[in-house]
């Protein structure tokens, strides 16, 4: 019975540790699994700091056999961290998935040229390589995120306005065609023309509603 209770307590502890894990994390292997070089920077193992004027987010690769593999992994981690930061920054806003900081912008305004590291690491008694990079999200980066988001919202509003305008123009065109055809036939086919115009108007309205839902 005691063994069952101990197993239950262990499962509860594991579940709690999983649910309490931070959502913003791009981290290395567990500290006790590797031995870093003496010049390894302490900032590389810090958690993302999203307080204050400058938001900082360190990324570090796993141990690799070459610098080339480290660079490839670091590029992927930087991209993931940037995208995750954007989503976190715009967490309470819709259409945030349309905001994307380009690689050139990240290189110029996000990567900290002073806080970068390339060095050796011992893992399972094997000498390997590891890279680390600090990402800085300052006022310039946040202003670009805000600009892109506001632009996407504006484009959506313009698209909706265009849908409404196109729908109204379609109805006016249908009404004009109906009047011209009715006058040309001197009212002989009025019933049929009204039915055709009603069907065309319903189709125009349905198309406008479908287009409207696409932009919602």
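Residue numbers (the numbering used here): 21 to 236. No residue lacks a Cβ here, since even glycine has one placed at the ideal position from N, Cα and C. Since the model is a prediction, treat every value here as computed from it, not as a measurement.
If you look at residue 94, you'll find it isn't in any beta strand (DSSP E); it sits in the alpha helix (DSSP H) that goes 87–109. Between residue 143 and residue 54 the beta-carbon gap is near 5 Å, inside 8 Å, which marks them as a contact. Taking residue 158 as the centre and dropping the five residues before and after it, the same chain places the C-beta of 73, 74, 75 and 129 closer than 8 Å to its C-beta, in chain order. Just so you know, the alpha carbons of residue 164 and residue 106 end up roughly 10 Å apart.
For the 8 Å CB-CB criterion, residue 101 and residue 77 form a contact. The beta-carbon separation of residue 147 and residue 140, rounded to 6 Å, stays under the 8 Å limit for a contact. The DSSP-derived three-state label of residue 60 is coil. Linking residue 83 to residue 96 through their CA atoms gives a straight-line distance of about 15 Å. When rounded, the separation of the alpha-carbon atoms in residue 156 and residue 131 is 6 Å.
Counting along the chain, residue 79 sits inside no alpha helix (DSSP H); it lies in the beta strand (DSSP E) bounded by residues 75–80. When C-alpha distances from residue 61 are compared across 112, 160, 88 and 150, the shortest belongs to 150. One alpha carbon belongs to residue 127, the other to residue 67, and they sit about 21 Å apart.
The continuous alpha helix (DSSP H) containing residue 123 extends over residues 123–129.
Excluding five sequence positions before and after residue 93, the CB atoms of its chain that fall closer than 6 Å to its own CB belong to 81, given in chain order. Nearest to residue 117 by C-alpha distance, out of 59, 57 and 172, is 172. Closest by C-alpha distance to residue 59, out of 91, 152, 89 and 88, is 152.
If you draw a 10 Å sphere on the C-beta of residue 161, you find 16 or more other C-beta atoms in it, and that means buried. In the structure shown, the three-state DSSP call for residue 164 is helix.
Around the C-beta of residue 120, fewer than 16 other C-beta atoms lie within 10 Å, and the residue is accordingly described as exposed.
One Cα belongs to residue 57, the other to residue 134, and the distance between them is close to 18 Å. Looking at 138, 169, 145 and 104, the one whose alpha-carbon comes closest to that of residue 90 is 138.
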